[in-house]
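Peer 1: Quick note: the first sequence uses the working numbering, first residue 129, plus one each step.
The structure follows.
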Amino acid sequence: MSNINKASKNSSRQRFSDEQIKSLETTFEVESRPELRMKQHLAKKLGLQPRQVAIWFQNRRARSKPKELERDYNVLKADYDKLVSQFESMKKENQALLIQLQKLKQAEGRSDEQFGNENMKIETLEQTRFLLENDSPELGVPLCNDFSRKVDYLWDDADDHPELVQMADGYLTSTDNIHSFESSCLMDNSSHSGNGGQAFNF
DNA sequence: TTGTGTTTTATTGCCTCC
DNA sequence: GGAGGCAATAAAACACAA
């Protein structure tokens, strides 16, 4: 269609009146996708063509879409932040419980060597915590690059204690936790290929 | 007044569903 | 295949600074 034809075809275009807009908005709040019958009723009531009413709702939905997306994003982010917070507190609780377990096992007569060198554990804890906290400061959560490097078996005789492994940051955790954590990392790895120079070799 | 950016109405083309 | 929805886009109407 030429520009001239378009211009002549649109020459009668005019903005809807405040009353028309108000009525359309009111309807939109109740039903953003009104049925044909409703659109015909509205058109008759407002002195518009049914096609104009249909187009108005179409455009109105398009305008509201970014706002809806923003609302959904905020809800999801709030949920996510809450989960991160819960995860952190559960991680601490888990650590405390595993330390308790460690002490109990020590009390049972195990030597310190079987549980690894405490000094090295503390040093590794500080280094890894720094890296994880700086992986994604804007989200306040660590990413999962090179996860496999961050897991070491706590005991040389791991066969005796397959239920416990040591995270590289010094936290103790169960193998079940490790597996679930690895699964969650699959989502992150797509957007963070490689270790970005941040991974830490142990 | 005019140039420019934004908003609103309308068209087009494609897709999905029945 | 027709109806209706959506994304992309055109173009008129409007707002506003200079």
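Each residue gets a CB set at the ideal place from its N, CA and C atoms; glycine is no exception.
Cβ of residue 151 within 8 Å of Cβ of residue 174?
Peer 2: As a working note, residue 151 is residue 23 in the first sequence. As a working note, residue 174 is residue 46 in the first sequence. Their beta carbons are under 8 Å apart, which means residue 151 touches residue 174 by this criterion.
Peer 1: State the DSSP-derived secondary structure class of residue 215, mapped to helix, strand or coil.
Peer 2: Taking the first residue of the first sequence as position 1, residue 215 is located at position 87. It is helical.
Peer 1: In angstroms with no decimal places, state the Cα-to-Cα distance between residue 178 and residue 172.
Peer 2: As a first step, residue 178 must be located in the first sequence, where it is residue number 50. As a first step, residue 172 must be located in the first sequence, where it is residue number 44. One C-alpha to the other measures close to 8 Å.
Peer 1: Counting C-beta neighbours from all protein chains within 10 Å, is the total for residue 154 16 or more, i.e. buried, or is it exposed?
Peer 2: For the purposes of this step, residue 154 is identified with residue 26 of the first sequence, where counting begins at 1. Label assigned to residue 154: exposed.
Peer 1: Does the separation of the CB atoms of residue 185 and residue 160 fall below 8 Å?
Peer 2: The residue you call residue 185 lines up with position 57 of the first sequence. The residue you call residue 160 lines up with position 32 of the first sequence. Contact flag set, yes.
Peer 1: My output table needs one value for residue 145: the three-state DSSP class, helix, strand or coil.
Peer 2: Indexing the first sequence from 1 puts residue 145 at position 17. Coil.
Peer 1: Tell me whether residue 162 sits in a helix, a strand or coil according to DSSP, three-state version.
Peer 2: By one-based count along the first sequence, residue 162 stands at place 34. Note: residue 162 maps to coil in three-state DSSP.
Peer 1: Buried or exposed for residue 170, please, with buried defined as at least 16 other CB atoms from any protein chain shown within 10 angstroms of its CB.
Peer 2: Within the first sequence, the letter at position 42 stands for residue 170. Classification for residue 170: buried.
Peer 1: Helix, strand or coil for residue 177, going by three-state DSSP, please let me know.
Peer 2: Your numbering for residue 177 matches position 49 in the first sequence. Residue 177: coil per DSSP, three-state reduction.
Peer 1: Do residue 181 and residue 167 count as a contact pair if the criterion is CB distance below 8 Å?
Peer 2: Mapped onto the first sequence, residue 167 falls at position 39. Mapped onto the first sequence, residue 181 falls at position 53. For residue 167 and residue 181, yes; Cβs fall inside 8 Å.
Peer 1: How about residue 156 and residue 188: are their beta carbons less than 8 Å apart?
Peer 2: Taking the first sequence and counting its residues from 1, the one referred to as residue 156 is at position 28. Taking the first sequence and counting its residues from 1, the one referred to as residue 188 is at position 60. Yes. Within cutoff.
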